[in-house]
Amino acid sequence: MTGEGYTAVNEVPVIPEPGPPLLCKPLTKREVDYYLERDYNRVAGFVYRAADIAHLRSTEALESALGRPFSGHILTWQAHRETLYRIPFGGRTEAAMDAIDGWVIERAPFRGSGFAAGESGGVIFEFKVDSVRLPYGATLTAVSGKSIATFDADIDGWRTC
């Protein structure tokens, strides 16, 4: 073998750049109506990584795992500025917040540990955002997977599916 016409170069797989994380917020019926009827374009409060709750396929499972009531709808978007979404360390009182050097005081079921307050036994990271505009392509879906609407930043409103 002379090696003519043969190269021993192996192809190196191209690893795609990681994109912004996909976050989500399960919504109450009132919140869904507010987004759609008023073309509301912001999100605030407690949010979760979509990958962390993807296995929860019913309203009951979401409520049990997250410790909050929902209506079976989820708002999902790409978090382009991750630093805006902070782990909510704190407590239900100022003393509880100070005890762990936290920054959040919230009413129950908030635990202040950075994890959702559910009773399902799973560990789900929780984040808190004060208020940010939704990016183009944010979606409202039913827990069943049915698309409800997509946010279009060009018209600053929702396009129903």
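The opening residue of the sequence shown carries number 9 in the numbering used here; numbering runs sequentially from there. Each residue gets a CB set at the ideal place from its N, CA and C atoms; glycine is no exception. Here the structure is a predicted model, which means the values were calculated and not measured.
Pop quiz: residue i and residue j are said to be a contact at Cβ under 8 Å. What is the actual Cβ separation, rounded to whole angstroms?
i: valine 40; j: histidine 81; result: 5 Å
i: threonine 84; j: threonine 147; result: 5 Å
i: isoleucine 132; j: aspartate 60; result: 5 Å
i: threonine 67; j: phenylalanine 78; result: 6 Å
Can you find the residues in the same chain that come closer than 7 Å, C-beta to C-beta, to residue i, ignoring five residues on each side of it along the sequence?
i: alanine 69; result: none
i: valine 55; result: Leu31, Cys32, Lys33, Tyr93, Phe135 and Val137
i: histidine 88; result: Pro28 and Pro143
i: arginine 167; result: Ala157, Thr158 and Asp160
i: isoleucine 95; result: Gly122 and Phe135
i: alanine 150; result: Gly80, His81 and Ile156
Tell me which same chain residues have a C-beta within less than 6 Å of the C-beta of residue i, skipping the five on either side of it?
i: leucine 64; result: Leu70 and Ala73
i: proline 21; result: none
i: serine 139; result: Arg50 and Ala52
i: glycine 126; result: Ser72, Ala73, Leu74 and Gly75
Return the chain-ordered list of same chain residues with a C-beta closer than 8 Å to the C-beta of residue i, the five sequence neighbours on each side being excluded.
i: cysteine 98; result: It is glycine, not cysteine, that sits at residue 98 in the sequence shown. Here the set comprises Ala104, Met105, Ile108, Gly110, Trp111, Val112, Ile113, Glu114, Phe118 and Gly120.
Mind checking which residues open and close the beta strand (DSSP E) that includes residue i?
i: valine 158; result: Going by the sequence as given, residue 158 is threonine instead of valine. Threonine 158 -> beta strand (DSSP E) spans 155-160.
i: serine 139; result: 135-141
i: arginine 167; result: 165-168
Can you pull the DSSP bridge partners for residue i?
i: tyrosine 56; result: Cys32
i: isoleucine 82; result: Pro34 and Thr149
For the alpha helix (DSSP H) containing residue i, name the first residue and the last one.
i: alanine 107; result: 102-107
i: threonine 67; result: 67-74
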